[in-house]
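I have placed the structure first, in the form of structure tokens, so that the comments after it can refer back to it.
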Amino acid sequence: MATATALPTGFTAAVLRVNGDEYPVVFPTHHTLLEVLREQCGLTGTKHGCELGECGACAVRVDGEAVLSCLKLAVEVRDSEVETVEGLQDGNELHPLQRAFADFGAAQCGYCTPGILMVANALLDRNDDPEDAEIYEALSGNLCRCTGYHRIVTAVRWAGAMARGDDWRPPEEDFHGADSQAPHAERSG
Amino acid sequence: MAANPKVEAVGRDLRSGEEYRLIGTAFRRVDGRAKVTGRTQFADDLDFPRMAYVKLVRSTVPHARIRNIDLSAALAMDGVLGTLVGAELPDKFGILPVSEDEHALAVDTVRFVGDPVAAVAAVSEDIAHEAALAVKVEYELLPSISSFDEALRTPEPQMHDYADDGNIHKKVSLKFGDVEEGFEEADMILEDTCYFEGNTHLAMEQHSAVGVPEDAGRVTVYSSTQTPHYVHRALTKVLGLPASRIRVVACSNGGGFGGKSDPFNHEMVVAKLALKLGRPCKVTLTREEVFYCHRGRHPVLMHLKTGFKEDGSITSQHLRTALDGGAFGSYGVASTYYTGALQTTTYRIPNYWFEGARAFTNKPPCGPKRGHGTPQPRFAFEVHLDKAAHHLGIDPAELRLRNLQPPDSVTANWLRIGLIELRECIEAVVRGSGWKERYGKLPEGRGLGLACGAYLCGAGLPIYWNHMPQSGVQIKLDRSGCVAVFCGETEIGQGSDSVLAAIVAEVLGIELEDIRLCVGDTDLTPVDLGSYSSRVTMMVGHAAMQAAERARDIIARAVAAQLRVSETELVFADRRVFPAGDPDDGLDFSAAVVAAEARYGTLGTTGSYIPPRAPGRYRGAGVGPSPTYSYSAAVVEVEVDPQTGVYDCRHVWMAHDIGQAINPVLALGQIEGSIYMGLGEAMMEEQVFRRLPKKLSAALVHKMPSLLEYKSPGFHDMPGITSYMIESRDERAPMGAKEVGQGPLLPIMPAVVNAIFDAVGVRVDQVPATPELILKGLEAKARGRPARVGPTRFPRVDYGTPVEVPTPEQGGDGRARHDPKHRGLRSASGTMKDRDEALKERRSATLTTA
Ligand code: FES
Ligand code: FES
Numbered sequence: 001m002a003t004a005t006a007l008p009t010g011f012t013a014a015v016l017r018v019n020g021d022e023y024p025v026v027f028p029t030h031h032t033l034l035e036v037l038r039e040q041c042g043l044t045g046t047k048h049g050c051e052l053g054e055c056g057a058c059a060v061r062v063d064g065e066a067v068l069s070c071l072k073l074a075v076e077v078r079d080s081e082v083e084t085v086e087g088l089q090d091g092n093e094l095h096p097l098q099r100a101f102a103d104f105g106a107a108q109c110g111y112c113t114p115g116i117l118m119v120a121n122a123l124l125d126r127n128d129d130p131e132d133a134e135i136y137e138a139l140s141g142n143l144c145r146c147t148g149y150h151r152i153v154t155a156v157r158w159a160g161a162m163a164r165g166d167d168w169r170p171p172e173e174d175f176h177g178a179d180s181q182a183p184h185a186e187r188s189g
Numbered sequence: 001m002a003a004n005p006k007v008e009a010v011g012r013d014l015r016s017g018e019e020y021r022l023i024g025t026a027f028r029r030v031d032g033r034a035k036v037t038g039r040t041q042f043a044d045d046l047d048f049p050r051m052a053y054v055k056l057v058r059s060t061v062p063h064a065r066i067r068n069i070d071l072s073a074a075l076a077m078d079g080v081l082g083t084l085v086g087a088e089l090p091d092k093f094g095i096l097p098v099s100e101d102e103h104a105l106a107v108d109t110v111r112f113v114g115d116p117v118a119a120v121a122a123v124s125e126d127i128a129h130e131a132a133l134a135v136k137v138e139y140e141l142l143p144s145i146s147s148f149d150e151a152l153r154t155p156e157p158q159m160h161d162y163a164d165d166g167n168i169h170k171k172v173s174l175k176f177g178d179v180e181e182g183f184e185e186a187d188m189i190l191e192d193t194c195y196f197e198g199n200t201h202l203a204m205e206q207h208s209a210v211g212v213p214e215d216a217g218r219v220t221v222y223s224s225t226q227t228p229h230y231v232h233r234a235l236t237k238v239l240g241l242p243a244s245r246i247r248v249v250a251c252s253n254g255g256g257f258g259g260k261s262d263p264f265n266h267e268m269v270v271a272k273l274a275l276k277l278g279r280p281c282k283v284t285l286t287r288e289e290v291f292y293c294h295r296g297r298h299p300v301l302m303h304l305k306t307g308f309k310e311d312g313s314i315t316s317q318h319l320r321t322a323l324d325g326g327a328f329g330s331y332g333v334a335s336t337y338y339t340g341a342l343q344t345t346t347y348r349i350p351n352y353w354f355e356g357a358r359a360f361t362n363k364p365p366c367g368p369k370r371g372h373g374t375p376q377p378r379f380a381f382e383v384h385l386d387k388a389a390h391h392l393g394i395d396p397a398e399l400r401l402r403n404l405q406p407p408d409s410v411t412a413n414w415l416r417i418g419l420i421e422l423r424e425c426i427e428a429v430v431r432g433s434g435w436k437e438r439y440g441k442l443p444e445g446r447g448l449g450l451a452c453g454a455y456l457c458g459a460g461l462p463i464y465w466n467h468m469p470q471s472g473v474q475i476k477l478d479r480s481g482c483v484a485v486f487c488g489e490t491e492i493g494q495g496s497d498s499v500l501a502a503i504v505a506e507v508l509g510i511e512l513e514d515i516r517l518c519v520g521d522t523d524l525t526p527v528d529l530g531s532y533s534s535r536v537t538m539m540v541g542h543a544a545m546q547a548a549e550r551a552r553d554i555i556a557r558a559v560a561a562q563l564r565v566s567e568t569e570l571v572f573a574d575r576r577v578f579p580a581g582d583p584d585d586g587l588d589f590s591a592a593v594v595a596a597e598a599r600y601g602t603l604g605t606t607g608s609y610i611p612p613r614a615p616g617r618y619r620g621a622g623v624g625p626s627p628t629y630s631y632s633a634a635v636v637e638v639e640v641d642p643q644t645g646v647y648d649c650r651h652v653w654m655a656h657d658i659g660q661a662i663n664p665v666l667a668l669g670q671i672e673g674s675i676y677m678g679l680g681e682a683m684m685e686e687q688v689f690r691r692l693p694k695k696l697s698a699a700l701v702h703k704m705p706s707l708l709e710y711k712s713p714g715f716h717d718m719p720g721i722t723s724y725m726i727e728s729r730d731e732r733a734p735m736g737a738k739e740v741g742q743g744p745l746l747p748i749m750p751a752v753v754n755a756i757f758d759a760v761g762v763r764v765d766q767v768p769a770t771p772e773l774i775l776k777g778l779e780a781k782a783r784g785r786p787a788r789v790g791p792t793r794f795p796r797v798d799y800g801t802p803v804e805v806p807t808p809e810q811g812g813d814g815r816a817r818h819d820p821k822h823r824g825l826r827s828a829s830g831t832m833k834d835r836d837e838a839l840k841e842r843r844s845a846t847l848t849t850a
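Line order of the protein sequences matches chains D and E. With the working numbering, letter number 2 in the first sequence gets 2, and the count goes up by one each step, no holes. With the working numbering, letter number 783 in the second sequence gets 783, and the count goes up by one each step, no holes.
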């Protein structure tokens, strides 16, 4: 690590640990983790929709916790393990969350997806069989403008099942539509 | 391909009822892996060596002349590389040729808070930001207009001198049939005034563009755009360069919804700065700036008058609309027509008078948002029908069924309607929701509402007049067995890449993995007009099918010769080409391509699509036609707290007439996304403005240009959804597939307010239907006054002399009665007659050959 005196004022040098890799970087000290990940580390998988903590698109994990990288200064994570969407897969194998999102239409434009995947990943690590209400709660800070959210919630459940080795899968009507001849069934709303 | 003999029966006839192999299955979208691994490159993900960062200086006042722009302080800052002002790009642009009224940067006048005035480029975004703040602009304030009414009252000064009348940008009056006589025949005449508030797309991705200088004075612009071809045209005009020296690449869009379908000032700016500085230049808008780009839903005030017979049949309708357009034309002329054009597509309206007007106001320009101009009058109509059903004592579902527009018909305003499955849609949601047992019978506070809608499967005409294909596809095949497909289409999340790949794979009997796509690149791909008007499946699909069928024909000829069988016996399936009677005697697909390459040389085919000509010949007939229409019906169940007016949507049943789902998971995703967006518009979303107090400049500012304050539904707001896809393949559509991206939004807003009425007996004639409004209605009801909230007056607008067009039933020919000899419009590429002849021989004559 370079000494502080070798740096122009207002810059910080650090070695960030992201997805287990080391990134020696120099960045303006006031820059957020979001900016440093995207601009210095070249990890553009993490997105932004507001840079004000309002949309969740920038969520990453810091020491396991889901955090909004637009609200976190990069200097704050110098001693932490950061995880981003780029580190989710195992080798060339997709993570169950990634498989479920890709196969179930939980990513349309895919712009909100990295943030949602990271928050869901933190949730499943705590509890691999969450109730829908817990998924809503965990993802309540993430906006998605494309999907209408249901597919995201169900994909998280599906991924949890895959991770547990349970063969639960989303109901058939989510793949092919409901039977238009079927009569009314009471629903919980 | 003109020289190729037509091989009719090769493979399976994909237009018949036969089962498809890939189409209709829930395959993983072709860009799915990239999207879940963070590999999809959106415009802001691009980085180039020596790239400069650009910031726009935006107007802080709503309407003013620019006295002076002082760039000196900005230019003196370390790291600032250059600046740009309007005088350096004096030529105007705009999406519609009739309203090219935008400058890349304001030249002498600013017209809304947020209108760009200057640009600065610097070595970092931070410095560019600081430098933009250091630019001093002096303004001479002009009176500003905040609403349609104010525009009507303030004809001077004109915001744009091309406006139809003062600050009324566009006026339309189209009268079909004998409207007055229709009203005389009616047993009941109903009149309603309704309001639809403006709202915005709020795509999660902020707009971004990068200009890159290339060799020989050329420039490339990478952008988050839904319409690279139109951006290309605008850049040509503004930069004053030949189109061949400009390349536009549409990156995957992080959501569009219509908000990225105008050519934008920031795209012009980065292209010019790249050429000026000799460096790549990037601009990424902040979320606040995205609200200023806008082009979202027009606020529309509507007055609807309809005559009904006792049995519920409609005798006549008169619709008046007043649109608040914002500061520029954008798509506004089309939006104005669209507030009337599709009104006739669902129910039979024998006589119809549509009057529409759009005002210029000092706010960010409105434009096309999902449903473009159609959701507002659809809202008014479906609420109106709910009331009519009550007055007539007819069930609302039944009233609609009695009025259905017949299939294969031409409407009073000369739209040719194809297959309609609206009856099946209504019946499905009626069954699923338990409508017959539950409507009108749920406990106080709970209610059901029903509404329908119809939408285009692609606008029939391109945005600028021409007779060229609206979509083109090129296919390159070689001995590797890999099939490369080139098309100008733009993936905005809706799945257009998957539609393109799946259609080609289906025809050639190969897998999605065998296909490589190159899309949305004006240098490399044939023109496709873009991702708007729900045109992609229809038009790209047709072009892809044609190109793939031509490739299949070439391969079939070679294989037939090699195997000494007849071409007509060959089947393309499972990555093989084989005689139907002897599957073992075939070739692998790659071996089949080798046979063709050896015999005919390098292989390539093209396909194109031009929609059929619509029957209307009157001025204005260009807006509304489509090769076919999609239909939707919805029932929404709500629960309203009568103490507070707060309500919840509990469940939505939605049936959509889709023809054929290319991929049911993606199609259901479009339906669910439409329901979500419709609920946002029905319940909470509004792009609204306020005037700052006099002592603070009195500027007209956006009330809430942030994601937090602009309320949109979150995870918790979503009801349960039951979606039905009514599949009955439409022969006008490729593989029978109609649109699904926009139509299902239309019934949601009226269904919600109809359900509120069923729940608590309050009519909310405007959206968003907020708890405050419902409470007002409940209070009125408690005091014995009419339980109705919404606008109470409609302004007096002079819409001009109506253009009178006899209807098909009256024996009209599609022309207006007193039309001064309608001479065929000409364009550089030929006349309507040339186009018709070309269309007749669509499979050979007009098209470039392989
Ligand atoms: S970019 Fe961080 S919350 Fe929106
Ligand atoms: S998939 Fe587009 S914003 Fe969520």
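Note that beta-carbon positions come from the ideal geometry of N, C-alpha and C, so glycine has one too.
Backbone secondary structure at residue i - three-state DSSP
| i | result |
| --- | --- |
| residue 71 of chain D | coil |
| residue 534 of chain E | coil |
| residue 818 of chain E | coil |
| residue 113 of chain D | helix |
| residue 779 of chain E | helix |
Contact test: residue i Cβ vs ligand 1 heavy atom, cutoff 7 Å
| i | result |
| --- | --- |
| residue 50 of chain D | yes |
| residue 38 of chain E | no |
| residue 74 of chain D | no |
| residue 53 of chain D | yes |
Closest Cα partner of residue i within the set the options
| i | options | result |
| --- | --- | --- |
| residue 500 of chain E | E:106, E:517 and E:711 | E:517 |
| residue 446 of chain E | E:640, E:539 and E:570 | E:640 |
| residue 58 of chain E | E:255, E:458 and E:85 | E:85 |
| residue 615 of chain E | E:605, E:626, E:606 and E:609 | E:626 |
| residue 379 of chain E | E:92, E:340, E:792 and E:783 | E:340 |
| residue 63 of chain E | E:475, E:74, E:108 and E:23 | E:108 |
Cα-Cα separation between residue i and residue j, rounded to whole angstroms
| i | j | result |
| --- | --- | --- |
| residue 150 of chain D | residue 373 of chain E | 28 Å |
| residue 20 of chain D | residue 70 of chain D | 21 Å |
| residue 262 of chain E | residue 157 of chain D | 39 Å |
| residue 829 of chain E | residue 245 of chain E | Summary for residue 829 of chain E: the model assigns pLDDT 47, below 50, so the residue's position carries little reliability; its value from the coordinates is reported in the next sentence. Their backbone Cα atoms lie some 21 Å apart in a straight line. |
| residue 242 of chain E | residue 294 of chain E | 29 Å |
| residue 6 of chain E | residue 552 of chain E | Residue placement at residue 6 of chain E cannot be trusted, given a pLDDT of 33 that sits under 50; what the coordinates show is reported in the next sentence. Approximately 11 Å between the Cα atoms of the pair. |
| residue 557 of chain E | residue 748 of chain E | 51 Å |
| residue 47 of chain D | residue 387 of chain E | 47 Å |
Proximity test, residue i beta-carbon vs ligand 2 heavy atom, cut-off 7 Å
| i | result |
| --- | --- |
| residue 120 of chain D | no |
| residue 20 of chain E | no |
| residue 621 of chain E | no |
Counted within 10 angstroms of its Cβ, other Cβ atoms place residue i as buried (16 or more) or exposed
| i | result |
| --- | --- |
| residue 416 of chain E | buried |
| residue 67 of chain E | exposed |
| residue 824 of chain E | Here the model assigns residue 824 of chain E a pLDDT of 43, short of 50, so the residue's position is not dependable and the matter cannot be decided. |
| residue 782 of chain E | exposed |
| residue 686 of chain E | buried |
| residue 882 of chain E | Outside the shown range of chain E (1 to 850) lies residue 882 of chain E, about which nothing can therefore be said. |
| residue 695 of chain E | exposed |
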